[in-house]
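Residue numbers for the sequence shown follow the working numbering, so the first one is 1 and each next one is one higher. Note that CB positions come from ideal geometry on N, CA and C, so glycine has one too. On a predicted model such as this, the values are computed, not experimentally measured, just so you know. Only one structure is covered here, and it is reproduced in the block below.
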Amino acid sequence: MRSPLEQRARAADTADPLAHLRHRFTIPDPLTYLDGNSLGALATHVPAAVHDVVRHQWGQQLIGAWRASSWWSAPTRVGDRVAPLLGAAPGQVIVADSTSVNVFKLLVASLRAAAGRTEILVDATTFPSDGYVAQSVGQLTGASVVTVHPDDLAGALSTSTAVVLLNHVDYLTGRLHDMAGHTAAAHAVGALVVWDVSHSAGVLALDLDRIGVDFAVGATYKFLNGGPGAPSFTYVATRWQERVHQPLTGWGGAADPFAMSGQFRAAAGMDRMRVGTPDILSLLTLDAALDVWDDVDLAQVRAKGLALTGFFMDCVDELLRPELAKVVTPRGDNRGHQVSLRVKDAPSLVDRLAERGVVVDSRPPDLLRCGFAPLYTTFADALRAAQVMADLLAT
Ligand SMILES: Cc1ncc(COP(=O)(O)O)c(C=O)c1O
1 MRSPLEQRAR AADTADPLAH LRHRFTIPDP LTYLDGNSLG ALATHVPAAV HDVVRHQWGQ
61 QLIGAWRASS WWSAPTRVGD RVAPLLGAAP GQVIVADSTS VNVFKLLVAS LRAAAGRTEI
121 LVDATTFPSD GYVAQSVGQL TGASVVTVHP DDLAGALSTS TAVVLLNHVD YLTGRLHDMA
181 GHTAAAHAVG ALVVWDVSHS AGVLALDLDR IGVDFAVGAT YKFLNGGPGA PSFTYVATRW
241 QERVHQPLTG WGGAADPFAM SGQFRAAAGM DRMRVGTPDI LSLLTLDAAL DVWDDVDLAQ
301 VRAKGLALTG FFMDCVDELL RPELAKVVTP RGDNRGHQVS LRVKDAPSLV DRLAERGVVV
361 DSRPPDLLRC GFAPLYTTFA DALRAAQVMA DLLAT
């Protein structure tokens with residue numbers, strides 16, 4: 001006799017319009033993988049594609065591959081494949097460097113564009129690397145760096161604010177912030193906004209163009225499944241592209257990199273966000289991984305992500321004693337595809353879960369993070385994770 005939760009999981013998996021996509025991924029069996037918010041799973045066709053890049057393009061074409069296989073233009077070509085996931089028209093996204101490096105480029109570029117303004121406002125709940133980079137930008141430029149909780153943004157904005165750096169989804173709690181509202185508030189005082197969408201790309205249908213976002217960055221190794229260390233994407237709205245002067249003026253961002261002129265002139269369009277030689281193997285691994293997204297309806301992804309996280313919270317409520325685990329992720333729709341639980345000794349629980357085939361992660365001091373990737377996570381996975389947690393916490 002199945003329990004009501006088992007019946008719900010089975011019914012939801014049977015009705016899932018995205019269920020067929022799980023078969024496009026290599027997920028060790030048996031494994032309940034709830035860490036796609038840190039490292040997305042491997043799409044099964046990717047190794048063959050990478051093998052071709054290495055054996056054929058590098059091995060046979062050698063230096064000629066920069067032209068024959070269009071390696072040089074790969075950052076913008078792959079950027080145009082990421083763009084639809086961000087709600088961006090072509091020509092506004094480039095894939096290169098890491099998110100931390102891209103935050104640096106955009107903050108300095110913003111300060112330069114907002115001449116006379118002296119303040120960077122940074123999300124007090126930001127992923128630490130963004131905050132560290134902002135502090136360094138402040139030290140280098142003389143701008144003051146002020147941290148503010150996103151809820152208090154309106155009160156902190158002023159005509160001194162050059163740029164606001166915000167995370168769309170809080171990496172600790174999974175809370176989703178109001179991109180349209182915060183962007184409008186910043187624009188109302190003439191400030192620019194840089195959004196870190198690392199935890200919302202591939203989660204919901206982002207709408208950067210329509211909202212009027214200035215700049216955005218994000219990781220591709222999480223919900224986009226680009227592979228370990230896959231390069232990050234940068235979005236620069238068309239209206240800013242000719243006015244943006246990023247500080248890392250390597251030859252890759254020059255108007256004519258092969259002229260070797262000794263005099264830097266920024267390239268037109270997104271190419272000016274480049275620095276040096278693209279990381280071709282990682283970039284083309286991501287290029288292959290993006291194939292999975294070709295026919296995916298982001299509205300279905302979002303609906304399933306909310307259903308999965310909601311179901312998981314119901315399982316936690318029913319199976320785990322509240323004094324042992326407390327859900328800190330919002331219950332409303334203002335969440336990403338992550339559920340965080342406050343538990344005692346989270347790192348040790350992560351290890352014990354892994355021994356039982358359930359992969360999640362922890363963040364200090366006491367948060368257990370469970371990521372739900374609608375392309376391959378099932379409702380049965382959500383239930384099994386909660387059942388194993390209940391077992392382990394009871395002992
Ligand atoms: C929200 C967010 N921003 C920035 C980063 C840093 O990215 P990178 O290590 O690629 O620079 C991460 C890494 O996990 C992240 O989660």
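Within 8 Å, strictly: CB atoms of residue i and residue j
i, j, result
"LEU367", "MET389", "no"
"LEU206", "GLY332", "no"
"THR99", "SER198", "yes"
"ALA307", "ASP13", "no"
"ALA134", "VAL148", "no"
"ILE94", "MET273", "yes"
"GLN139", "MET270", "no"
"TRP240", "ASP214", "yes"
"SER160", "ARG210", "no"
"GLY212", "THR183", "yes"
"ALA185", "LEU157", "yes"
"ALA325", "LEU224", "no"
"ASP287", "VAL78", "yes"
"PRO231", "THR249", "no"
For residue j and residue i, the rounded distance between their alpha carbons
i, j, result
"SER73", "ILE63", "14 Å"
"PRO228", "TYR33", "16 Å"
"ALA373", "ARG81", "20 Å"
"PRO150", "THR125", "8 Å"
"PRO28", "TYR376", "12 Å"
"LEU320", "ASN334", "23 Å"
"LEU166", "GLN61", "43 Å"
"HIS23", "GLN263", "52 Å"
"PRO96", "ARG8", "In the sequence as displayed, the identity of residue 96 is Ala instead of Pro. The alpha-carbon atoms of ALA96 and ARG8 are separated by roughly 42 Å."
"GLY202", "VAL189", "31 Å"
"HIS51", "ALA65", "15 Å"
"THR285", "LEU176", "29 Å"
"ALA267", "THR44", "37 Å"
"ARG342", "THR26", "30 Å"
"LEU204", "ALA299", "7 Å"
"VAL275", "GLY253", "5 Å"
"VAL108", "GLU355", "45 Å"
"LEU349", "ALA394", "12 Å"
"PRO47", "GLY59", "16 Å"
"GLU412", "VAL316", "Nothing can be reported for residue 412: it is not among the residues displayed for the chain, which extend from 1 to 395."
"ASP196", "ASP391", "37 Å"
"PHE311", "GLN387", "13 Å"
"THR238", "ARG384", "46 Å"
Buried versus exposed, by CB contacts within 10 Å (16 or more), residue i
i, result
"THR76", "buried"
"VAL163", "buried"
"ASP297", "exposed"
"LYS344", "exposed"
"PRO17", "exposed"
"VAL31", "Rather than Val, the amino acid found at residue 31 in this sequence is Leu. Exposed, since its Cβ has fewer than 16 Cβ neighbours within 10 Å."
"PRO128", "exposed"
"HIS56", "exposed"
"VAL169", "buried"
"MET143", "Strictly speaking, residue 143 in this sequence is Ala, with Met absent from that position. Buried, since its Cβ has 16 or more Cβ neighbours within 10 Å."
"ASP35", "buried"
"VAL54", "exposed"
DSSP beta-bridge partners of residue i
i, result
"GLY218", "PHE233"
"LEU176", "VAL169"
"GLN338", "GLY371"
"PHE25", "ALA43"
For this session: Counting only runs of 3+ residues fully inside the segment 110-197, write out the beta strand (DSSP E) ranges in chain order.
Result: Within the segment 110-197, the runs of beta strand (DSSP E) that reach at least 3 residues and sit entirely inside it are, in chain order, 119-123, 144-148, 161-167 and 192-196.
Exercise. Can you list, in chain order, the stretches of the alpha helix (DSSP H) that have 4 or more residues and sit fully within the segment 269-295?
Worked result: 280-289, all fully within the segment 269-295.
Exercise. At which residue ranges does the segment 46-70 contain complete alpha helix (DSSP H) runs of 4 or more residues, listed in the order of the chain?
Worked result: Listed in chain order, they are 46-52 and 65-68.
For this session: Output the residue ranges of the alpha helix (DSSP H) runs that lie fully inside the segment 347-385 and measure 4 residues or longer, sorted by chain position.
Result: Fully enclosed alpha helix (DSSP H) runs of 4 or longer: not present.
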